[in-house]
Each structure stands twice: as C-alpha cells, then as structure tokens.
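Residue numbers (full-length UniProt numbering): 1 to 439.
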DNA sequence: CATTCAGGACAT
DNA sequence: ATGTCCTGA
Ligand SMILES: Nc1ncnc2c1ncn2[C@H]1C[C@H](O)[C@@H](COP(=O)(O)OP(=O)(O)OP(=O)(O)O)O1
Ligand SMILES: [Mn+2]
Ligand SMILES: [Mn+2]
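Written out as structure tokens, the structure is:
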C-alpha cells in the first residue's frame, strides 16, 4: 500500500494539519453555474442520452433526496423524479468529452493553491492541502494575543464525537483553563514522545478548521462553487472526515475520537480498503470494523498479508498515516478512451482507423494545450484496447517512446502497436475484417 | 451495455 | 522499462 509513496520525515504522527477539500456534486454544480435556470432543481449529469437515458455520473442533492444515484440510467432517474433535469456530458468527436469539468476543477485548484505550496490534486474535484505552517503560525499569534478564532469561520463545522462544534470549543477552552484535565488519559494512551503534539491536537485542528472555512469561502466567492472539507492530522483521516458532513460543510476528526469512531467504522470506508483487498482483510481477520484490526499485532498482520500491507494496516487502524502531501497540480498523464459495447464492437479496419482518428484528435488537442500551459511534451504513448478473443474479453496495452508527434502520427503509432501485438490481425482471406473485434 | 478518466503497486 | 492489476473519482 505504500512504498514509492513518500512519507513525511520523522516528525510526530500528529504534527501535521491536513485538509481534504472535495467539491459537492461537482459536475452538477458546473452545469448549474452554466445554466442558472437549473438552480434549485433536481439535476443529474449523464453520458450518452440515447440508450436508456444515458449513464448517470453525478447527482445533485435535490435529486439524491428523491433516491437518484450514480450508475443509474437517465430513464430510472426520470421514474423516481419526473422533474429532474438531465444534463449531458458534451459530445465532441462523437464521444463524451469531459474537458469542461477538468477546466472547472483547475479553476478551483487555482484558488486552493493560494493557501499553501503543499497542494496535491487527488482527482478532478478534490485536493489535499498541508496547512501545518499556517496553523503553527496562527498558534503562535494566538499565544501572543495577535490572533483570535473567528466564529463565522466555524459555521457549518462539525467535530466527530461531539453533538455540535460548540461542545468541542468548550472542551478546548476548559482544558486551556485546566491544562491537566485530560493529561492522565493522554499519558496512558499515547507514546511519551507524542505527548506535546497530543496536548495541542484539538486546538491545532480547530485552527485548521478556521483555515478550511477561509479556503471554502474563497472558493465560493471566486468560483461560485461549494465544497466540503475534512480536517485531521493526515490524508487518510482528512479524506474520511470530509465525507461525513456534506454538502457545504466541514468536519474535524479529533485525535482522541479516532479509536471510538473506528470501532463502528466499516473497513471499506477507508481509502484503499474499499475493494478486493478490504474484502480479503475482513475475511482473513473475521472482522467488519476498522477498530477490530487493532487486536492483531503488527507481526500477525504482516504474516497474514505481507510486510508492507501488514505495517500499513497496523498503523492505519490506529489512525496513523505518514504519507506526505506531495505537491502536484498537473496530471502526470493525459488520456482518452471510448467503449464499443455489444453490437457497436469494432469489426472493420476502416472503423478502427476512424475511431483511432477521433481519439488521437482529442489527445492531440489536449497535448497542445498542455504544451502551451506547461511547456512539456509527451515522452511515451500507451494504447490500451480490449479484444474479443474466442468470446473472451482480453485487455492489452502496448507502449512506445515518443519523439515528435501529431494527430496523424498518433493514429499510425497506435494502429501499428495493435497490429504488431495481435496474432492474426485481419480475418484470413479478408482485407478489412478484423479477426478480433475491439470493444 | 455504466463510461471516461487518473494514479500507484507489483511482477517481470 | 514494460505490461497488468487494483483503486478511486
Ligand atoms: N464512476 C465515475 N465515472 C465517471 N465520472 C465520475 C465517476 N465518479 C465520479 N465522477 C465524476 C463526477 C463527479 O461529480 C466528480 C466528483 O466525484 P465525487 O467527488 O465522488 O462525487 P460528487 O462530487 O459528484 O458528489 P459529492 O458531493 O458526494 O462529492 O467526478
Ligand atoms: Mn465531490
Ligand atoms: Mn471527489
């Protein structure tokens, strides 16, 4: 789970303050901004309307209240919510083109970036921000009386384990008056070395929440978009917290609440454990909740899984995640793809060339834009394809180094790569029929 | 017949 | 370095 990934150098596990900002029903908000007449109406974004109303990829909160979900067909959404507005992903070059949402995501990230150099975009609509420096600075200012928390920055703020944020603030205030209030419990529960960070954890996360409030207000003011945020000492917990109160809210996950919270948290809720590996973990350990992992020693976990995953699980189950926020604004790869399901399978050479042309055209446009923006050129191209081989779906990918390229040469390279790696490219006796249909 | 993306780990 | 698989938006 973590090897090439960079870890923060040996500070305490609780020294950082990390934000995860995630846009609310993002593609829907992009459509609502573009079409103000759709605001306050249930709305979903679909790809390809003709077949059963298209596939839904985003649902706004009014439509969610009616039971509409991602993966549904547009037709199903209409059944549940006849008044729903279905926006289509633009069809350009006969394929869905998501550039509009990528651009909107970049607009948001540009605002976020002003708050820290340590910004890592994690998807089109979310980013991690390491705001440790800002928090530490405000902490000092607060101690010298130069900074006070602004209550309006904490509206829509929640703290896990507390009925409302006021209770969390009161707890911090009381501890300030009586520093030894929780200290016995801290000394029992944490490493000696971590105690200074443990004692300051709540107040530093609260300051983090005030920063988060400013970040989210700036995003709203400058882009019109609303978002939610999680505030914690690491990426895994910030991500988890961000999803707990939405939309337009922010959630602190206090250090001392992590253990009890994990006791009833399904394993699959943790990023990285939502798929097959999470299933294997539950099966192997005979558990359902994250807190149950702490019953196992690190060596046991390493034996049942492997060294790295064992250590990772051991730490994560204790709320410990040392993965650094690695600054990255631009994507490492640019790609596009299209599926040809059922009777749309590509069976002829001419059709294959046509679609390679369309895909290459989009790629080439985006590469040119990227070159103008970032002054970089593609070094490698990868062509991925799924073939029908004796009724089986077989996925393959082949790559080649790139020196010079344009739309036309990308087509040529990709077709050559597919040819060179398909045993019998054309059906015997034919000059145009593919031996293996492309899906 | 969800689809269109993107990043990371592992085996070789 | 290359190809495959996994995870997640
Ligand atoms: N499986 C998918 N296929 C294609 N696009 C997707 C998929 N999942 C999400 N997206 C797109 C549409 C979403 O608006 C955008 C951000 O995803 P995500 O943050 O998970 O949900 P969301 O922003 O729509 O709602 P939420 O308010 O719950 O965050 O990415
Ligand atoms: Mn989102
Ligand atoms: Mn997201």
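No residue lacks a Cβ here, since even glycine has one placed at the ideal position from N, Cα and C. These numbers were taken from a predicted model, which means no experiment stands behind them.
C-alpha gap between residue i and residue j, whole angstroms
| i | j | result |
| --- | --- | --- |
| residue 173 | residue 301 | 40 Å |
| residue 49 | residue 110 | 32 Å |
| residue 2 | residue 309 | Bear in mind that the predicted position of residue 2 carries a pLDDT of just 46, short of 50, making it unreliable; the figure below should be weighed with that in mind. In a straight line, the C-alpha of residue 2 is about 8 Å away from that of residue 309. |
| residue 56 | residue 279 | 27 Å |
| residue 465 | residue 85 | Here the chain covers residues 1 to 439 and nothing more, so residue 465 does not appear. |
| residue 434 | residue 362 | 24 Å |
| residue 165 | residue 153 | 12 Å |
| residue 334 | residue 121 | 15 Å |
| residue 269 | residue 53 | 31 Å |
| residue 337 | residue 395 | 13 Å |
| residue 304 | residue 284 | 7 Å |
| residue 81 | residue 43 | 10 Å |
| residue 352 | residue 437 | 10 Å |
| residue 423 | residue 115 | 54 Å |
| residue 348 | residue 247 | 48 Å |
| residue 183 | residue 18 | 24 Å |
| residue 295 | residue 33 | 49 Å |
| residue 209 | residue 418 | 51 Å |
| residue 427 | residue 386 | 17 Å |
| residue 47 | residue 35 | 18 Å |
| residue 68 | residue 235 | 30 Å |
| residue 4 | residue 404 | 30 Å |
| residue 274 | residue 282 | 11 Å |
| residue 375 | residue 257 | 46 Å |
| residue 91 | residue 97 | 6 Å |
| residue 134 | residue 176 | 21 Å |
Residues that DSSP places opposite residue i in a beta bridge
| i | result |
| --- | --- |
| residue 88 | 46 |
| residue 262 | Answer is none; residue 262 lacks a bridge partner. |
| residue 395 | 386 |
| residue 297 | Paired residue(s): none; residue 297 is not in a bridge. |
| residue 63 | Its beta-bridge partners do not exist; DSSP assigns none. |
| residue 381 | 400 |
| residue 289 | 266 |
| residue 323 | 7 |
| residue 95 | 92 |
| residue 427 | Answer is none; residue 427 lacks a bridge partner. |
| residue 343 | Answer is none; residue 343 lacks a bridge partner. |
| residue 328 | 120 |
N- and C-terminal bounds of the alpha helix (DSSP H) containing residue i
| i | result |
| --- | --- |
| residue 307 | 307 to 316 |
| residue 203 | 195 to 223 |
| residue 413 | 407 to 420 |
| residue 69 | That residue, residue 69, is in no alpha helix (DSSP H); it is neither H nor E in DSSP. |
| residue 278 | 276 to 285 |
| residue 238 | 235 to 242 |
| residue 76 | 74 to 80 |
Boundaries (first-last residue) of the beta strand (DSSP E) holding residue i
| i | result |
| --- | --- |
| residue 227 | 227 to 232 |
| residue 124 | Here residue 124 belongs to no beta strand (DSSP E), and DSSP marks it neither H nor E. |
| residue 435 | 433 to 438 |
| residue 448 | Because residue 448 is not part of the residues shown, which for the chain are 1 to 439, the question remains open. |
| residue 250 | 250 to 252 |
Any non-hydrogen atom of ligand 5 within 7 Å of residue i CB
| i | result |
| --- | --- |
| residue 126 | Questions concerning ligand 5 fall outside what the structure shown contains, since the ligands it does hold are ligand 1, ligand 2 and ligand 3. |
(message) My parser needs the alpha helix (DSSP H) runs of 4 or more residues fully inside the segment 2 to 59; what are they?
(response) 26 to 34
(request) Answer yes if the segment 238 to 251 comes into contact with the segment 135 to 150, meaning at least three C-beta pairs across the two stretches below 8 Å, and no otherwise. (result) no
(request) Please go through the segment 108 to 187 and give each complete alpha helix (DSSP H) segment of 4 or more residues, from N-terminal end onward. (result) 132 to 143, 165 to 177
(message) I'd like to know if the segment 355 to 369 and the segment 407 to 420 are in contact, where contact means that at least 3 CB-CB pairs between them fall below 8 Å.
(response) yes
(message) Below 8 Å, how does it come out for the segment 21 to 34 and the segment 221 to 233: are there three or more Cβ pairs, yes or no?
(response) yes
(message) Counting beta carbon pairs with one atom in the segment 288 to 296 and one in the segment 259 to 272, are three or more of them shorter than 8 Å?
(response) yes
(request) Decide if the segment 309 to 324 is in contact with the segment 332 to 343; the criterion is three or more beta carbon pairs, one per stretch, under 8 Å apart. (result) no
(request) Count the C-beta pairs between the segment 213 to 223 and the segment 180 to 196 that are closer than 8 Å, then say yes if the count reaches three, no if not. (result) no
(request) Would you check if there are 3 or more beta carbon pairs closer than 8 Å linking the segment 323 to 338 to the segment 115 to 132? (result) yes
(request) Decide yes or no for the touch test of the segment 199 to 214 against the segment 154 to 164: beta carbon pairs closer than 8 Å, at least 3 of them. (result) yes
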